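Peer 1: Protein sequences appear in the order of chains A and W. Residue numbering for the first sequence follows our numbering, starting at 9 and increasing by one per position. Residue numbering for the second sequence follows our numbering, starting at 9 and increasing by one per position. Virtual Cβ for every residue (Gly too), placed ideally from N, Cα, C. No experiment lies behind these values; they were computed from the predicted model shown. First the structure, then my questions, so here it is.
2 protein chains.
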Amino acid sequence: MKRPTIADIARRAGVSKGAVSYALNGQPGVSEATRQRIVAIAQEIGFNPNSAARALSGASARAVGLTLARPARILSIEPFFMGLISGFEAELAARSYALTLQVVATPEQEIEVYRRWWGERRIDGVIVTDLRENDVRIPVLQQLQLPAVVIGGPGDTGKIAQVWSDDAGAITETVRYLVALGHRRIARVGGLPDLLHTQTRTRAFEEVCTALGLNEAVTMPSDYTGEEGGRATRRLLIGADRPTAVIYDNDVMAVAGLAVAQEMGLAVPGDLSIVAWDDSPLCSLVHPPLTALSRDIAEYGAHAARELLAAIDGKQVSNVEAGTAHLTPRGSTAPPR
Amino acid sequence: MKRPTIADIARRAGVSKGAVSYALNGQPGVSEATRQRIVAIAQEIGFNPNSAARALSGASARAVGLTLARPARILSIEPFFMGLISGFEAELAARSYALTLQVVATPEQEIEVYRRWWGERRIDGVIVTDLRENDVRIPVLQQLQLPAVVIGGPGDTGKIAQVWSDDAGAITETVRYLVALGHRRIARVGGLPDLLHTQTRTRAFEEVCTALGLNEAVTMPSDYTGEEGGRATRRLLIGADRPTAVIYDNDVMAVAGLAVAQEMGLAVPGDLSIVAWDDSPLCSLVHPPLTALSRDIAEYGAHAARELLAAIDGKQVSNVEAGTAHLTPRGSTAPPR
DNA sequence: AGAATTTACTGAACCGGATAAGTTGTGGAG
DNA sequence: CTCCACAACTTATCCGGTTCAGTAAATTCT
């Protein structure tokens, strides 16, 4: 099926290509009557501007990129990314930007994808997740002058905009809550240790534990998978001084931890309190429902998308804090026996 | 940063633009020596062909589209789509096709997205999920002559290729297994009732129950969410003749069902056996781990991607059956007390 | 009324590749 | 030694938009 072009519209309206372009883009240079006639014809024949032609003549590609840097087996169950994607979409669709996705295995591969996308002019900007210390992606983005927004900080990203949430505050609130319930031995199962926000959380966890006079602040490193989360939980629970409360860096590990506790005959929350970071429907699904650090991930993503679009428009964007998690108590936390 | 074009390469190599194009695309018309020289220069300056220019001059957009037609709150937790995306990606990336994503609310909106994508020449083909009876999207795809592969059949899609799995066989196997364990009252919590594969499952469920002489084959319609799955379970379990086994159309509802059973003081699998359709890590995470109908969703997605790429290349593709689920028994099924 | 400005257009160049058609230079056949 | 075929290019055109430089007519200004 031949797709209509502005030349077709021009012919039917009896004007030149240029006039059609001005009319459809709301540019001055055509009379209101002509504009309406042209718009009507475009509507009638179902015209959509060829994005390639548009991108080629200097305009933007009207697309942004997102890489997913987790193994497939984690991606499929980790609710975070899908939440993020939903949030992006809401913003992007409203301004008719497309979202281009690519699953990558390593940061190096991710850099290659950025280079290619940018070289191909396929995208106008990218959303970068999982900021690390001395992240290798940052200098590349700066060198390419590729508009970007980084999620997962705060960290050192130079001029590149960031959207981050106050993880330190959230974990402090959580520990205080558990201590108020009477817990003295609180452990944590952390996310990937080289991610910057994991480090932020670990540091804040240690600080608040020290401040409250708890003698230890054990963080078991993990990788966000259920299996690892379960293993870490088992290691924590077989010790002599087993903790009475565990904070998990994501919901998947928390659910796995709950299963391990039940399997070991420990009552939740009687023998063990559990707190999950990131509240997904998963947390309310299990029994008992999990106390969680909720934040609106979709809104977080929408916020990042807005910042990115602003950066693409050349506006100077700054670091913004958005969507800090707050504690949602449910059935998995109680005073220790 | 100025991005290099073939004109830059041509200048440095002392040849014409045309020669560069032939050299980089493996076309005849340049000597092997020149070709290597040109390729080396392209490598050195980090050349990537402008996808817009390429798409504009008749070639394909080298991108395919996927719409996600579920509310954000389901998408975030439903492992199916992410698994599918991972599978697509593996195939698409290998042939350097990009994946463009859009979240939509209704089939009508989905059609609009298809029209726009195709009109804009943004994509070369689409992957269509959630086939319905008399699906309104099919005639539009045919009219647009937009290459497509449909997942979620089998159903009537005319010339459009399909990739489907033998759901009827899987559910038959499951019911036979439960009956062999001694169950006589088996219920099911189904997915969205207007999806074709839900109907296939429902029909097959009824048939096998009749064939095995079970007096009823109750299917509670649901919508794949944990809340609805939990509610449906509760309705099933408060009846006088409550079932001793329940089959769920996805893992999220199965986990919710497990929580409801535990909350009502029923032992799983002692008082109630549970089978989940689609085995995600979620099923192994909970306690007891859920018996599930496993299939390799990523491979299913990869298969669909291969078929779509074949369709885009103009090859005649037929309906293929792929990735039929098989029963993976775990701790949630046992003979009834 | 005539000049200056504005309005409403047209025509053409341009973006960066792909590709058909034309132009050399070389070697082999006759 | 000439003619022809073919390899190895170059040149020019096209894809479908955007945008700039013109241009004729209408309007405003003095």
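1) Quick one: list the residues of chain A neighbouring His295 (chain W), beta-carbon separation under 7 Å, in chain order.
2) For Pro57 (chain W), decide whether its Cβ has a neighbour in chain A, counting only Cβ atoms nearer than 8 Å.
3) On the criterion of 16 or more Cβ atoms from any shown chain inside 10 Å, does Ala41 (chain A) qualify as buried, or is it exposed?
4) Can you tell which of W:Val144, W:Glu86, W:His295 and W:Ser68 has the C-alpha that lies nearest to the C-alpha of Thr76 (chain W)?
5) At what residues does the alpha helix (DSSP H) containing Ile49 (chain W) begin and finish?
6) Could you spell out the range, first to last residue, of the beta strand (DSSP E) harbouring Arg193 (chain W)?
7) Bridge partners for Met172 (chain A) per DSSP, in chain order?
8) Mind listing which residues of the segment 94-115 of chain W have their C-beta closer than 7 Å to chain A's C-betas, in chain order?
9) Which of the residues in the segment 137-148 of chain A, read from start to end, lie with their CB under 7 Å from any CB of chain W?
10) Is the segment 151-159 of chain A touching the segment 132-139 of chain W, taking contact as three or more C-beta pairs under 8 Å?
11) Report the CB separation of Thr233 (chain W) from Thr210 (chain W) in whole angstroms; it is logged as a contact under 8 Å.
12) Give a yes or no on whether 8 Å exceeds the smallest Cβ distance from Val263 (chain A) to chain W.
13) Is the CB-CB distance between Ile146 (chain W) and Ile168 (chain W) below 8 Å?
14) Ignore the nearest five residues each way along the sequence and tell me which others in Ile53 (chain W)'s own chain have a CB closer than 6 Å to its CB.
15) May I ask you to report which of helix, strand or coil DSSP gives Arg347 (chain W)?
16) Which residues in chain W sit within 9 Å of Ala306 (chain A), going by Cβ to Cβ distance?
17) Closest to Leu107 (chain W) by C-alpha separation, out of A:Asn258, A:Ala113, A:Trp125 and A:Leu293, would be which residue?
18) Looking at Val72 (chain W): is its Cβ nearer than 8 Å to the Cβ of Pro115 (chain W)?
19) Tell me whether the segment 22-30 of chain W and the segment 294-302 of chain A touch, counting them as touching only if at least three CB pairs, one residue from each stretch, are closer than 8 Å.
20) Can you tell me where the alpha helix (DSSP H) with Leu274 (chain W) in it begins and where it stops?
21) Do you know how far the Cα of Leu186 (chain W) is from the Cα of Trp285 (chain W)?
22) Check the Cβ of Arg129 (chain W) against every Cβ in chain A and list those closer than 9 Å, keeping chain order.
23) Within the 8 Å Cβ cut-off, does Ser288 (chain A) reach chain W?
24) For Ala5 (chain W), which three-state DSSP category applies?
25) Can you name the residues that DSSP bridges to Val136 (chain W)?
26) Just to check my reading of the structure: Leu204 (chain W) and Leu149 (chain W) have Cβ atoms closer than 8 Å, yes? What is that Cβ distance to the nearest angstrom?
27) So, are the CB atoms of Ala262 (chain A) and Ile246 (chain A) less than 8 Å apart?
28) Quick one: grab the DSSP three-state call for Ile282 (chain W).
29) Which same chain residues end up closer than 6 Å to Ala176 (chain A) when comparing Cβ atoms and leaving out the 5 residues on each side of it in sequence?
30) Return the residue from the list W:Ala113, W:Gln110, W:Ser104 and W:Glu315 that minimises the CA-CA distance to Val111 (chain A).
31) Considering only their Cβ atoms, is the gap separating Val197 (chain W) from Val254 (chain W) smaller than 8 Å?
32) Identify, in the order they occur along the chain, each residue of the same chain with its Cβ nearer than 6 Å to the Cβ of Thr241 (chain W), setting aside the five sequence neighbours on each side.
33) Would you call the CB atoms of Asp287 (chain W) and Leu301 (chain W) closer than 8 Å?
34) Using the rule of at least 16 other Cβ atoms within 10 Å of the residue's Cβ for burial, across every protein chain shown, is Gly221 (chain A) buried or exposed?
35) With distance defined between alpha-carbon atoms, name the residue in A:Arg43, A:Pro289, A:Ala318 and A:Thr218 nearest to Thr180 (chain A).
Peer 2: Reading it off the structure:
1) Going along chain A in sequence order, the residues near His295 (chain W) (Cβ under 7 Å) are Ala267, Gln270 and Glu271.
2) yes
3) By the C-beta density criterion, Ala41 (chain A) is exposed, having fewer than 16 other C-beta atoms within 10 angstroms.
4) The amino acid occupying residue 76 (chain W) in the given sequence is Leu; Thr does not appear at that position. Out of W:Val144, W:Glu86, W:His295 and W:Ser68, W:Glu86 has the C-alpha closest to the C-alpha of Leu76 (chain W).
5) Glu40 to Ile53
6) Segment: none, Arg193 (chain W) is in no beta strand (DSSP E) and carries neither H nor E.
7) Reading off the sequence, residue 172 (chain A) comes out as Trp, not Met. Trp172 (chain A) pairs with A:Glu329.
8) Ser94, Glu97, Ala101, Ala106, Leu107, Thr108, Leu109, Gln110 and Val111
9) none
10) no
11) About 18 Å separates the two Cβ atoms, so there is no contact after all.
12) yes
13) yes
14) Pro12
15) There is no way to answer for residue 347 (chain W), as the model of chain W reaches only from 9 to 345.
16) Ala80, Arg81 and Ser84
17) A:Trp125
18) Between Val72 (chain W) and Pro115 (chain W), the C-beta spacing is not below 8 Å.
19) Using a Cβ-Cβ distance cut-off of 8 Å, the segment 22-30 of chain W and the segment 294-302 of chain A are not in contact, since fewer than three pairs of beta carbons, one from each stretch, lie closer than that value.
20) Per DSSP, Leu274 (chain W) belongs to no alpha helix (DSSP H) and is neither H nor E.
21) 14 Å
22) Those are Arg11, Asn56, Asn58, Ser59, Ala60 and Ala61, listed as they occur along chain A.
23) By this cut-off, Ser288 (chain A) is an interface position.
24) Summary: the structure shown does not reach residue 5 (chain W), with chain W confined to residues 9 through 345, and so no result is reported for it.
25) Paired residues: W:Val158.
26) Wrong, their Cβ atoms sit about 16 Å apart, outside the cutoff.
27) no
28) strand
29) Thr208 and Ala212
30) W:Ser104
31) yes
32) Gly265 and Val268
33) For Asp287 (chain W) and Leu301 (chain W), yes; Cβs fall inside 8 Å.
34) exposed
35) Of A:Arg43, A:Pro289, A:Ala318 and A:Thr218, the residue nearest in Cα terms is A:Thr218.
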